[in-house]
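Take the sequence shown: its letters are residues 45 to 336, numbered as in my numbering.
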Amino acid sequence: MRLLILFFSGTGNTHYVAEYLARKLEHLPIEILVRSIEQVPAGEVPEFDLLAVGFPVHAVDSPLFFQEYLRRLPPREDRGVFVFCTKGAFAGGAVRRNLQRLASRGYIPLGGGSVGMPGNDGLAFIPRNSWMARAAQNKDFDHLKSADRLACRMEEVLGGISAGRPVGDYRVQIPHSAGRSLTDRLWRAVYNRFTEPLKRRFYADERCNQCLLCTRICPAHNIRLEDGRVHFGDHCYLCLRCIHQCPQEAIQIGRWTVGKFRWRGPKGDFNPLRLYGLQRAASSPSLSVPEG
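Now the structure itself:
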């Protein structure tokens, strides 16, 4: 039996949770594959018996490009799916919406959960020595209760299927809440009001040494070097990977992020180049999310 965990991670949180879940389940007699959607086009995902998908919350949902990826996954009426997300503050109906999307393509919804993690968006705007920065660094990432609950549910389902029970026996009803939907709409409106203008404020300051790391790790293929300067396009995913990964801390959003905290994952070791096997020459084309 094979469990496939597909995820997108901008600055390391969702990658960490995907690996955390895999570690919690590694004692089971199953094969576990953990893959970023940046590695695998939607139309070429490895064969699996159960699927889990994970993403960081953007506007009480998955990022738009992640939604498009899910829409391109091959329909599977005989496969179950879990959904998990990482949130800095409020997940709203993010898990429910993505379970619905996959259920509409035939996947059997098995459950999911949201895992609270330090928000990489807020962290980029706070002082390095602030209490929020210290709280993010001192969080106990070895014991994530919400991820543990999801792992227990996954183990239950995997064990049952291995024993011969049909996956349909574990189907969950996807709840709908009008009140939550209204709250989500309000939260999304506030999020978009504040984040959309930020995409136009990215720049590389005088500390940039043109190492081109940002062009290589941008999942949106939105950064390029032109006329000796780093330029940012108009299709940013706002994952903030470039800001947090820049070795010179030269990438900024306006003046708000200058000299502020940088986040490189729960253990401080998130490296997209190593994660995706992209130790390429600086002249290599930018990484982009496969379209399938």
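Using N, Cα and C, we set each Cβ at its ideal position, and we do this for glycine too.
Limits of the unbroken alpha helix (DSSP H) element including residue i
i: residue 59; result: 57–69
i: residue 288; result: 285–289
Span separating the alpha-carbon of residue i from that of residue j
i: residue 235; j: residue 250; result: 30 angstroms
i: residue 271; j: residue 298; result: 21 angstroms
i: residue 267; j: residue 96; result: 30 angstroms
i: residue 188; j: residue 237; result: 31 angstroms
i: residue 116; j: residue 174; result: 42 angstroms
i: residue 315; j: residue 69; result: 24 angstroms
i: residue 284; j: residue 75; result: 32 angstroms
i: residue 108; j: residue 193; result: 27 angstroms
i: residue 293; j: residue 287; result: 7 angstroms
i: residue 323; j: residue 261; result: Summary for residue 323: the model assigns pLDDT 36, below 50, so the residue's position carries little reliability; its value from the coordinates is reported in the next sentence. Their backbone Cα atoms lie some 10 angstroms apart in a straight line.
i: residue 168; j: residue 59; result: 19 angstroms
i: residue 172; j: residue 113; result: 35 angstroms
i: residue 49; j: residue 79; result: 6 angstroms
i: residue 162; j: residue 133; result: 8 angstroms
Whether residue i touches residue j by CB criterion (7 angstroms)
i: residue 138; j: residue 101; result: yes
i: residue 216; j: residue 119; result: no
i: residue 52; j: residue 170; result: no
i: residue 143; j: residue 94; result: no
i: residue 103; j: residue 244; result: no
i: residue 45; j: residue 206; result: yes
i: residue 197; j: residue 155; result: yes
Buried or exposed (CB count within 10 angstroms, at least 16 for buried), residue i
i: residue 327; result: Its pLDDT being 34, under 50, residue 327 is placed unreliably by the model, and nothing is read from it.
i: residue 164; result: buried
i: residue 158; result: buried
i: residue 240; result: exposed
i: residue 136; result: buried
i: residue 226; result: exposed
i: residue 140; result: buried
i: residue 230; result: exposed
i: residue 122; result: exposed
Residue of the options minimising C-alpha distance to residue i
i: residue 185; options: 45, 50, 311 and 315; result: 311
i: residue 256; options: 278, 274 and 192; result: 274
i: residue 213; options: 124, 161 and 288; result: 124
i: residue 37; options: 88, 129 and 215; result: Because the chain in this structure spans residues 45 to 336, residue 37 falls outside the shown range and cannot be described.
i: residue 55; options: 313, 254, 148 and 309; result: 309
i: residue 146; options: 282, 208, 98 and 72; result: 98
i: residue 92; options: 126, 291 and 290; result: 126
i: residue 246; options: 195, 180, 219 and 302; result: 302
i: residue 281; options: 264, 289, 291 and 290; result: 264
i: residue 30; options: 64, 253, 289 and 110; result: The shown model of the chain, from 45 to 336, leaves out residue 30, and the question about it has no answer.
Opening and closing residue of the beta strand (DSSP E) in which residue i lies
i: residue 97; result: 94–100
i: residue 153; result: 152–160
i: residue 131; result: 124–131
i: residue 80; result: 75–80
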